[in-house]
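Chemist: Numbering-wise (full-length UniProt numbering), the sequence shown opens with residue 1 and increments by one.
Glycine residues also receive a C-beta, built at the ideal position from the N, C-alpha and C atoms.
All values reported here derive from a predicted model rather than from experimental measurement.
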Amino acid sequence: MCRSSKLLLTSILLIASAGGVRLWLDAWIEATPLPDLEFATSPQILDREGRLLRAFAVADGRWRLPVALDAVDPRYPDRLLAIEDRRFRDHAGVDPLALMRAAWQWLRQGRVVSGGSTISMQLARLLDGRSTRDLAGKLHQMRLALALERRLDKDAILSAYLDLTPYGGNIEGLRSGALAWLGREPHRLTAAESALLIALPQAPESRRPDRDAAALRRARDAILQRLHAAGRIDAIELAGALREPVPSVRRPFPMLAAHLARRLHRAHPERHVQRLTLDARLQERLETLAAERARALGDRVSLAILVADHATGEVRASVGSPDPLDEARRGHIDMTRAIRSPGSTLKPLIYGLAFEDGIAHPESLIEDRPTGFDGYAPTNFDRTFQGTVSVRRALQASLNIPAVRLLDAVGPARLAARLRRAGVEPALPELSAPGLAIGLGGVGVTLTDLVRLYAAIARGGSPVVLRESLERDSPGSASAACPSRPVLDERAAWMVGSILAGAPAPDRATADRIAFKTGTSYGYRDAWAIGFDGRWVVGVWTGRADGASVPGLAGIEAAAPVLIDVFAQLGPRTPLPAPPPGVRPMSYAQLPEILRHVPAARRATASATALEIAYPPPGARIDLGFGASSTESLALRVRGGTPPFTWFADGGPIAREPFARTTRWTPTGPGYVTLLVVDGRGESARVRVRLD
Numbered sequence: 001m002c003r004s005s006k007l008l009l010t011s012i013l014l015i016a017s018a019g020g021v022r023l024w025l026d027a028w029i030e031a032t033p034l035p036d037l038e039f040a041t042s043p044q045i046l047d048r049e050g051r052l053l054r055a056f057a058v059a060d061g062r063w064r065l066p067v068a069l070d071a072v073d074p075r076y077p078d079r080l081l082a083i084e085d086r087r088f089r090d091h092a093g094v095d096p097l098a099l100m101r102a103a104w105q106w107l108r109q110g111r112v113v114s115g116g117s118t119i120s121m122q123l124a125r126l127l128d129g130r131s132t133r134d135l136a137g138k139l140h141q142m143r144l145a146l147a148l149e150r151r152l153d154k155d156a157i158l159s160a161y162l163d164l165t166p167y168g169g170n171i172e173g174l175r176s177g178a179l180a181w182l183g184r185e186p187h188r189l190t191a192a193e194s195a196l197l198i199a200l201p202q203a204p205e206s207r208r209p210d211r212d213a214a215a216l217r218r219a220r221d222a223i224l225q226r227l228h229a230a231g232r233i234d235a236i237e238l239a240g241a242l243r244e245p246v247p248s249v250r251r252p253f254p255m256l257a258a259h260l261a262r263r264l265h266r267a268h269p270e271r272h273v274q275r276l277t278l279d280a281r282l283q284e285r286l287e288t289l290a291a292e293r294a295r296a297l298g299d300r301v302s303l304a305i306l307v308a309d310h311a312t313g314e315v316r317a318s319v320g321s322p323d324p325l326d327e328a329r330r331g332h333i334d335m336t337r338a339i340r341s342p343g344s345t346l347k348p349l350i351y352g353l354a355f356e357d358g359i360a361h362p363e364s365l366i367e368d369r370p371t372g373f374d375g376y377a378p379t380n381f382d383r384t385f386q387g388t389v390s391v392r393r394a395l396q397a398s399l400n401i402p403a404v405r406l407l408d409a410v411g412p413a414r415l416a417a418r419l420r421r422a423g424v425e426p427a428l429p430e431l432s433a434p435g436l437a438i439g440l441g442g443v444g445v446t447l448t449d450l451v452r453l454y455a456a457i458a459r460g461g462s463p464v465v466l467r468e469s470l471e472r473d474s475p476g477s478a479s480a481a482c483p484s485r486p487v488l489d490e491r492a493a494w495m496v497g498s499i500l501a502g503a504p505a506p507d508r509a510t511a512d513r514i515a516f517k518t519g520t521s522y523g524y525r526d527a528w529a530i531g532f533d534g535r536w537v538v539g540v541w542t543g544r545a546d547g548a549s550v551p552g553l554a555g556i557e558a559a560a561p562v563l564i565d566v567f568a569q570l571g572p573r574t575p576l577p578a579p580p581p582g583v584r585p586m587s588y589a590q591l592p593e594i595l596r597h598v599p600a601a602r603r604a605t606a607s608a609t610a611l612e613i614a615y616p617p618p619g620a621r622i623d624l625g626f627g628a629s630s631t632e633s634l635a636l637r638v639r640g641g642t643p644p645f646t647w648f649a650d651g652g653p654i655a656r657e658p659f660a661r662t663t664r665w666t667p668t669g670p671g672y673v674t675l676l677v678v679d680g681r682g683e684s685a686r687v688r689v690r691l692d
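Here it is, written out as structure tokens:
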């Protein structure tokens, strides 16, 4: 055989051998079992714009927040590949040049200078979890990387890598790392931040910022120098990046609307992502406001806020407590859904029913005098009575006797039925029928219930289904049934709103045409403020989550200022609607005779409650300024009993009031004194106090 023939045959055999090796290699790669690419990521609760409200750890306790490539600063992948895998877009999973460079450096210097691993090989190790310190482990990593490249495109490989990269402790993924160590999403990163997020996964435990910030700084700065050498950042950017500090503590993950997010996550644990109707920016501002106001009110005082668009029913903010982690305030309890006494906040519905029935008009006159109702004898909050007042004034001043008079006329059962139309399920004592006391807070409701009720009044009496989630099968969605029966007649609802819009605002504030009502429950346990304008309805509750009393806590002083601040956060005020057809302003003189005075209640009788001295309380020590240039007089006040009232001090008469329940007396000197009052039926009450 000639020489040329031998060369040809040898070439054919070599080509055939190479082809066989290629076929074997293809088969070897195709037979590679791939790990599960559907790895668990942290469930997320997002706001209406896709901003993160709260995330939850995966089953093994790791925080692994997924991130899309288009949600990452576009300069970061370029900087990452410049450091970790310059030929990522060109190789098939293994970079022979990088491997040869790493081997040569190891042979020359006797230590590992660069690993030679590609992004695909690092992803293979993260997915497989097998050690790559020995030759067998490294070969398996390379085989798996080649297999991944055949099944996934480059962007999918890079995206999976960004989701699994370790950042120390139980933090995995670029997004989790950026939130934990930088306190921000990775959609905009400085050069220093990019270098830090590249350096940390290279040694996630030894470079953890909370363990060795100096080691992390050295690694970050070295990467910045390499990025400058590679032309990825200029000299000015390098100088600025080297001056940036590195973090030293781990930041908490976002936990906005913590109570609502937890409730929806528990209701639908199978949902990887849930998008809510909330606005994260508004939510954050109101959580800050709630924390500030709760601190000012007391160490154990909690506070809740609920904001909804009453046209759509969408909840835009839900603050269940000032701090979910504050055990002193029982912060873990969601006070937007806790059943509490509503105080006077149901009165607008009582008045609305009276307007609807033609029993009263806002300018009608009604009596605010001591009255009993079959043994039930309500009194006003300040223990005084206003006499004859307009219905408008009675509601704005939240007088109790007029409200009970109207409730007696419309019926407690009817009030409860209208509450149910609004979506409120009043909590009554077991097997008991609604009584007159429910009008003054003798029933259990939630802040969410009251926001539903006032949303209905704001919408002209139409019931509103509050909606917290944008998921299709959530309550309030298009597929959810909506109640059709009105809560109030449109004209009655408008009248109620017009009265509440004129309610006096708390000191040093202006309600700015907000229709609102405050309430304080018995024993100062709950303080409420609920209000609306032409678009928003806002509810505020404050008190102790354990139900204990907070002396002096009142709706107008504790909750109403928060309500006004919440509306200030909502932007320009939306005007209240114009009056509906058939409603026109009328003065008392223009009313028909039947509407000029509200008739007496069916069960009303003159009050015969027990006589007692309301002020001063027994045992009190009162500073009247004895020893100063002028001495103050002492206020005397009586509750219950029947006028006239005759007052005595140490047995001597000091005043006689034919009708008034208050008077004043100027004592002659300091010391202990016994005060006695005798009413028109001969009943008496006494207290002993000290005057200074």
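Is ASP221 helix, strand or coil when you go by DSSP?
Modeler: Correct three-state label for ASP221: helix.
Chemist: Can you look up MET255 in the DSSP assignment and give me helix, strand or coil?
Modeler: Strand, per DSSP.
Chemist: Should ASP90 be labelled buried (16 or more other beta-carbon atoms within 10 Å of its own) or exposed?
Modeler: It is exposed - the Cβ of ASP90 has fewer than 16 other Cβ atoms within 10 Å.
Chemist: If you run the structure through DSSP and keep just helix, strand and coil, what is ALA480?
Modeler: Any answer about ALA480 is weak, because its pLDDT of 45 lies below 50 and its placement is not dependable; what the coordinates show is given next. Coil at ALA480, not helix or strand.
Chemist: For the candidate residues MET495, ALA660, LEU260, whose alpha-carbon lies nearest to that of GLN396?
Modeler: Per the Cα distances, MET495.
Chemist: Contact between the stretch 335 to 342 and the stretch 536 to 554 is defined here as three or more beta-carbon pairs at a separation below 8 Å; is this criterion met?
Modeler: Touching, per the Cβ criterion.
Chemist: With contact counted as at least three CB pairs below 8 Å, one residue from each stretch, are the stretch 308 to 322 and the stretch 231 to 244 in contact?
Modeler: Not touching, per the Cβ criterion.
Chemist: Just the C-alpha distance for LEU297 and ALA558, rounded to the nearest angstrom, thanks.
Modeler: Those two C-alpha atoms are separated by around 8 Å.
Chemist: Figure out for me which residue from VAL410, TYR588, ARG293, SER469 has the closest Cα to the Cα of ALA600.
Modeler: Looking at the Cα atoms, VAL410 is the closest of the given residues.
Chemist: Just checking my contact of LEU450 with THR345 at CB under 8 Å: how many whole Å lie between their CB atoms?
Modeler: Rounded, the Cβ-Cβ distance is 6 Å, consistent with contact.
Chemist: Name the two residues that bound the continuous alpha helix (DSSP H) containing GLU612.
Modeler: Not the alpha helix (DSSP H): GLU612 falls in the beta strand (DSSP E), residues 612 to 615.
Chemist: Please go through the stretch 323 to 364 and give each complete alpha helix (DSSP H) segment of 4 or more residues, from N-terminal end onward.
Modeler: You should have 347 to 357.
Chemist: Would you kindly work out how many angstroms separate the C-alpha atoms of ALA214 and ALA317, rounded to a whole number?
Modeler: Going from the Cα of ALA214 to the Cα of ALA317 covers about 41 Å.
Chemist: Which whole-angstrom value describes the C-beta separation of ALA199 and ARG226, a residue pair presumed to lie in contact below a C-beta threshold of 8 Å?
Modeler: That pair is no contact at about 10 Å.
Chemist: Looking at the secondary structure, which residues open and close the beta strand (DSSP E) in which GLU657 lies?
Modeler: 652 to 657 is the span of the beta strand (DSSP E), which, as asked, contains GLU657.
Chemist: Taking the alpha helix (DSSP H) that GLN569 belongs to, which residues open and close that run?
Modeler: Taken as a continuous stretch (DSSP letters only), the alpha helix (DSSP H) holding GLN569 covers 560 to 569.
Chemist: Using C-beta distances below 6 Å, list every residue in its chain close to GLY671, excluding the 5 sequence neighbours before and after it, in chain order.
Modeler: There are no such residues.
Chemist: Using a threshold of 8 Å, state whether the C-beta atoms of ALA124 and LEU148 are closer than that.
Modeler: Yes, they are a contact pair.
Chemist: Return helix, strand or coil for PRO670, following the three-state DSSP convention.
Modeler: PRO670 falls in the coil class under three-state DSSP.
Chemist: In whole angstroms, what separates the C-alpha of GLY435 from that of ASP357?
Modeler: About 19 Å.
Chemist: Just the Cα atoms here: how many angstroms apart are GLY183 and LEU189?
Modeler: The alpha-carbon atoms of GLY183 and LEU189 are separated by roughly 12 Å.
Chemist: Which two residues bound the contiguous beta strand (DSSP E) that contains ILE119?
Modeler: Taken as a continuous stretch (DSSP letters only), ILE119 belongs to no beta strand (DSSP E), being part of the alpha helix (DSSP H) at 119 to 128.
Chemist: Helix or strand or just coil, what does DSSP make of ASP90?
Modeler: Looking at ASP90 - three-state DSSP - the assignment turns out to be coil, as it is neither helix nor strand.
Chemist: By DSSP's criteria, ILE530 is part of a beta bridge. Which residues make up the other side?
Modeler: The partner list for ILE530 (beta bridge, DSSP) reads LYS517, GLY539.
Chemist: Can you tell me the Cα-Cα spacing of ARG111 and ASP128, whole angstroms?
Modeler: Below a pLDDT of 50, predicted positions are generally treated as unreliable, and ARG111, at 47, falls in that range; no measurement from the model is reported.
Chemist: Would you list the residues sitting across from ARG467 in a DSSP beta bridge?
Modeler: Paired residues: GLU314.
Chemist: Using the C-alpha atoms, what's the distance from LEU353 back to ARG485?
Modeler: Between ARG485 and LEU353, the C-alpha separation is close to 14 Å.
Chemist: With 16 other CB atoms within 10 Å as the buried threshold, where does PHE355 fall?
Modeler: Answer is buried; the Cβ neighbour count reaches 16.
Chemist: First and last residue of the beta strand (DSSP E) that includes GLN396?
Modeler: No beta strand (DSSP E) holds GLN396; the alpha helix (DSSP H) holding it covers 391 to 396.
Chemist: Tell me the rounded alpha-carbon separation between SER469 and GLU593.
Modeler: Those two C-alpha atoms are separated by around 51 Å.
Chemist: Within the continuous alpha helix (DSSP H) that includes LEU181, where are the two ends?
Modeler: Residue identity check: residue 181 is Trp in the sequence provided, not Leu. From DSSP, TRP181 is part of no alpha helix (DSSP H); its letter is neither H nor E.
Chemist: Name, in chain order, the residues that DSSP records as bridge partners for ALA44.
Modeler: Strictly speaking, residue 44 in this sequence is Gln, with Ala absent from that position. Looking at the DSSP assignment, GLN44 forms a beta bridge with ALA55, VAL273.
Chemist: From the DSSP output, in three-state form, read off TYR376 for me.
Modeler: Here TYR376 sits in strand by DSSP.
Chemist: DSSP state of GLY555, grouped into three classes?
Modeler: Helix at GLY555.
Chemist: What does a CB cutoff of less than 6 Å around ARG232 pick up in its chain, not counting 5 residues either side in sequence?
Modeler: Closer than 6 Å at the Cβ level, and outside the excluded window around ARG232, lie ARG79, ALA82.
Chemist: Do HIS272 and PRO43 have their C-beta atoms closer together than 8 Å?
Modeler: Yes, these two residues count as a Cβ contact at 8 Å.
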